[in-house]
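Here the sequence shown stands for residues 198 to 569, numbered as in the working numbering.
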Amino acid sequence: MRPFRPALVAALAGAALMFAHGLAAAQALKPVTIARGLVNPWGLAFLPDGRMLVTERPGRMRVVAPDGRLGEPLQGLPAVEAGGQGGLLDVATDPKFSANGLVYWSFSEADPQGGRGNSTAVARGRLDSNRLADVRVIFRQAPKFASSAHFGSRLVFARDGRLFVTLGERFLRRDDAQSLANHHGKIVRIESDGRVPADNPFVGRAGALPEIWSYGHRNVQGAAIHPVTGELWADEHGPQGGDELNLVLPGRNYGWPVITYGAEYVTGAKIGEGSAKAGMEQPLTYWVPSIATSGLAFLTSDRYPGWKGSAFVGALKARLLVRLELDGRKVVREERLLQVLGERIRDVRQGPDGWLYVLTDSANGRILRLER
């Protein structure tokens with residue numbers, strides 16, 4: 198019998214691992230157009246019967262059939278103040294949708310009191326044929342501020358049924374991101390009816406809004422629940438560089454604008470105090486130059502050999518899809534996909550069939566299914 202050779206076994210195992218990584222990196226994606234003719238689609242959610250809900254930034258929400266047929270815009274939405282980066286934003290279905298039919302969406306809302314300001318709001322309603330019934334606004338970002346930039350906003354249900362809402366700091370109010378007395382540059386956590394959960398980190402703290410989950414954010418446009426840990430992950434835009442992917446923990450300060458890996462637009466001047474400071478969180482990974490991160494999704498299916506467990510991040514400015522290979526909370530490898538497509542990727546979701554779906558952000562936007 199030949200002697201056992203650990204070194205040889207280790208070498209063979211390493212070669213097999215490298216081969217597997219090579220296969221994973223080499224697999225080609227085939228973008229299949231499911232629907233087209235959408236005007237700047239922003240958010241996508243799947244219904245139990247295989248249909249999809251999609252938002253268009255000018256202020257329309259549609260039901261899209263599995264064969265790609267676009268339904269007429271749903272009736273019943275409250276007024277949307279569309280312009281610049283604002284409009285109808287994300288959409289999510291209630292975890293108990295099959296029983297209650299509830300749909301949630303975020304949008305830029307004018308001041309209902311008639312002032313000049315606007316902000317991100319969240320509404321919910323019951324899907325009833327081609328309309329949304331029993332609609333009411335369950336959250337309003339405060340204060341209202343006259344701006345067409347940095348609204349956020351992704352909606353993510355946690356495993357316990359609480360709703361995370363990601364928010365921007367409205368660009369010109371960036372210092373507000375460090376104050377707990379407003380919603381600018383925050384992620385908030387609410388009950389599905391808008392109430393504040395009793396275990397939120399700042400409940401009972403003087404001068405702090407109790408909805409706040411985390412702060413020190415710039416403009417969070419991607420968020421998802423990790424399928425293993427149940428933790429919230431989110432990506433946000435940096436200024437000129439410094440886009441971030443963060444593990445978002447309760448009560449933590451993510452630094453903006455005190456620390457950042459980005460720089461001022463035009464001048465390239467330094468922002469804040471550097472890229473690290475005690476008491477402020479570091480990103481899991483960051484991008485310099487900026488790729489303009491957007492939707493975020495984790496892959497749990499076996500549709501793509503070697504990719505299960507990866508995170509996928511849409512990119513607007515860079516016009517691609519990023520795959521992040523993970524080892525626990527550590528990003529160990531980045532792969533850039535869909536460059537040939539040349540499209541701004543606004544959202545990415547895993548469908549109930551296990552395929553990845555992306556939204557392309559243009560005046561003739563599409564829903565694409567990424568096949569192999």
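The beta-carbon is built from N, C-alpha and C at its ideal position, and this holds for glycine as well.
For residue i, three-class secondary structure by DSSP
i	result
Asn297	helix
Ala225	coil
Asp374	The sequence shown places Ala at residue 374, not Asp. Helix.
Leu567	strand
Val385	strand
Gln338	coil
Leu324	strand
Ser559	coil
Gln437	strand
Val236	coil
Val353	strand
Gln282	coil
Leu329	strand
Leu241	strand
Leu267	strand
Leu250	strand
Leu360	strand
Where residue i falls, given that 16 or more other Cβ within 10 Å makes a residue buried
i	result
Asn397	buried
Ala343	exposed
Tyr483	buried
Ala213	Bear in mind that the predicted position of Ala213 carries a pLDDT of just 42, short of 50, making it unreliable; the figure below should be weighed with that in mind. Exposed, because fewer than 16 other Cβ atoms sit within 10 Å of the Cβ of Ala213.
Ala489	buried
Asp544	buried
Val251	buried
Gln536	exposed
Ser295	exposed
Asn232	Rather than Asn, the amino acid found at residue 232 in this sequence is Ala. That one is buried.
Asp287	buried
Ala494	buried
Lys293	exposed
Leu517	buried
Pro309	exposed
Leu565	buried
Lys527	exposed
Gly465	exposed
Sheet register partners of residue i (DSSP bridge)
i	result
Thr482	Leu442
Tyr554	Arg546, Arg566
Asp524	Lys527
Ser305	Thr317
Phe495	Ala508
Arg533	Val519
Met258	Thr252
Gln310	DSSP, once it has assigned bridges, lists no residue as partnering Gln310.
Ala460	Gln437
Ala489	According to DSSP, which records beta bridges pairwise, Ala489 is partnered with nothing at all.
Point to revise | Contact the region 457 to 467 vs the region 516 to 533: 3+ CB pairs below 8 Å | key: Judged by Cβ distances under 8 Å, the region 457 to 467 makes no contact with the region 516 to 533, as fewer than three pairs qualify.
Point to revise | Given 8 Å, three or more beta-carbon pairs between the region 293 to 310 and the region 325 to 345 | key: yes
Review point. Considering only residues of the region 383 to 431, which uninterrupted beta strand (DSSP E) runs meet the minimum length of 3 residues and lie entirely inside it, listed in chain order?
Key: Those beta strand (DSSP E) runs which fall completely within the region 383 to 431 and span 3+ residues are 383 to 387, 409 to 412, 417 to 422.
Exercise for review: Could you tell me whether the region 315 to 322 touches the region 271 to 289, using the rule of 3 or more Cβ pairs below 8 Å?
Suggested key: Here the region 315 to 322 lies against the region 271 to 289, with 3 or more beta-carbon pairs under 8 Å apart.
Practice item. Count the C-beta pairs between the region 320 to 327 and the region 373 to 388 that are closer than 8 Å, then say yes if the count reaches three, no if not. Key: no
Practice item. Answer yes if the region 465 to 475 comes into contact with the region 388 to 402, meaning at least three C-beta pairs across the two stretches below 8 Å, and no otherwise. Key: For the pair of segments examined, the region 388 to 402 was found not to touch the region 465 to 475: the number of CB pairs separated by less than 8 Å stays below three.
Review point. Does the region 497 to 512 come close enough to the region 260 to 277 to have 3 or more Cβ pairs within less than 8 Å?
Key: no
Review point. Should the region 549 to 563 be regarded as contacting the region 224 to 243, the criterion being three or more beta carbon pairs within less than 8 Å?
Key: yes
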